[in-house]
Structures are given as C-alpha cells and as structure tokens.
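Quick notes on the structure that follows.
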Amino acid sequence: MQEAITTHVYAIFFFLAIILFNFYSLIFVKDFIKLAKRLKLTTPVYHLSNAVIMYTGAIVSAYARSFSFTIIIMIAASIFLLVIEIKRYKKMRVIKSTDIKAQEEFIPYAKKIYTIELLVLVSVYIISKVF
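See below:
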C-alpha cells in the first residue's frame, strides 16, 4: 500500500511540475509557434500523469476500502482537469500561424486555464488535509 501512496504523491508532484512548466512557457515564450509546439509536446505527458494519478488513487482507495467525500472530490477534480485541458488543446490546435488575433487571445485564455488547474490542485490538497 505504501508504494501505491508514494507513487500517487510523486505523480501529483510531476503533474504539478507539468502545469507549472506550461504556465512558465506561456509567460516567457513569445513566439506562438514555439509555444504551441511546446504545449503540444507536453499535452500527452500531462494526460498520462493525470491517468497515473487516477489509477494510483483508485488502487489506494480500493486497498483502504474507503470511499469518502474527499475521494469523490479527487475523482471530480481529475475529470475536471482532464476536460479543461482538452478544451485548451482544442482551442490551440485550430489557431493558424497567420491568425495573430487568435494567437493573442489564446495566451490569456491558457493562463486562466492553468491558473484554474493550479487552484484545483491546491484546493483538493487542502480538502484532503481537512477531511
């Protein structure tokens, strides 16, 4: 059980690092094409780490034989993060290299998405410690 918990925690830290890396890229990479390539490369890793978090969380929950309000919140948060990242990716992939207006509109949108993702992770952490 301890190995599953350790894997779960490391996967969460890795997931957080991916979100922070993408947020950092949004702030400091000024060329949209480079930014889009970087975000496109990290998207599968993002989803893989989210899947690892869901899988290890399910193992820990099943092994502990507990299904509480906190676990329901964690499941909802994982699904929410999955959906919101898919929406960000779908909006990014249709932007053409010549569409400067859409590129400029995407940056604040993506910053909002990553801010929401960070807030969700922090909120789930706080809820898991309180309950």
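When you read off a place in the sequence shown, starting at 1, and then add 253, the result is the number in the working numbering. Cβ atoms here follow ideal geometry from the backbone N, Cα and C, with glycine treated the same way. All figures in this text were calculated on a predicted structure; none of them were measured in a lab.
Asked	Found
For residue 331, three-class secondary structure by DSSP	helix
C-alpha distance - residue 319 paired with residue 310, whole-angstrom precision	11 Å
Alpha helix (DSSP H) segment containing residue 319, residue limits	Taken as a continuous stretch (DSSP letters only), residue 319 belongs to no alpha helix (DSSP H), as it is neither H nor E.
Proximity of residue 278 and residue 291 at Cβ, strictly below 8 Å	yes
Alpha-carbon to alpha-carbon, residue 275 and residue 254	32 Å
Entirely enclosed alpha helix (DSSP H) segments - the segment 284–323, minimum 4 residues	285–317
Residue 259 - DSSP class collapsed to helix/strand/coil	helix
Same chain, Cβ closer than 7 Å to residue 271, five either side skipped, listed in chain order	295, 298, 299, 302
Backbone CA spacing between residue 333 and residue 267 [nearest angstrom]	18 Å
Span of the alpha helix (DSSP H), counted from its first residue to its last, around residue 369	353–383
Where residue 340 falls: helix, strand or coil (DSSP)	helix
Residue 367 classed as buried or exposed, judged by whether at least 16 other C-beta atoms fall within 10 angstroms	buried
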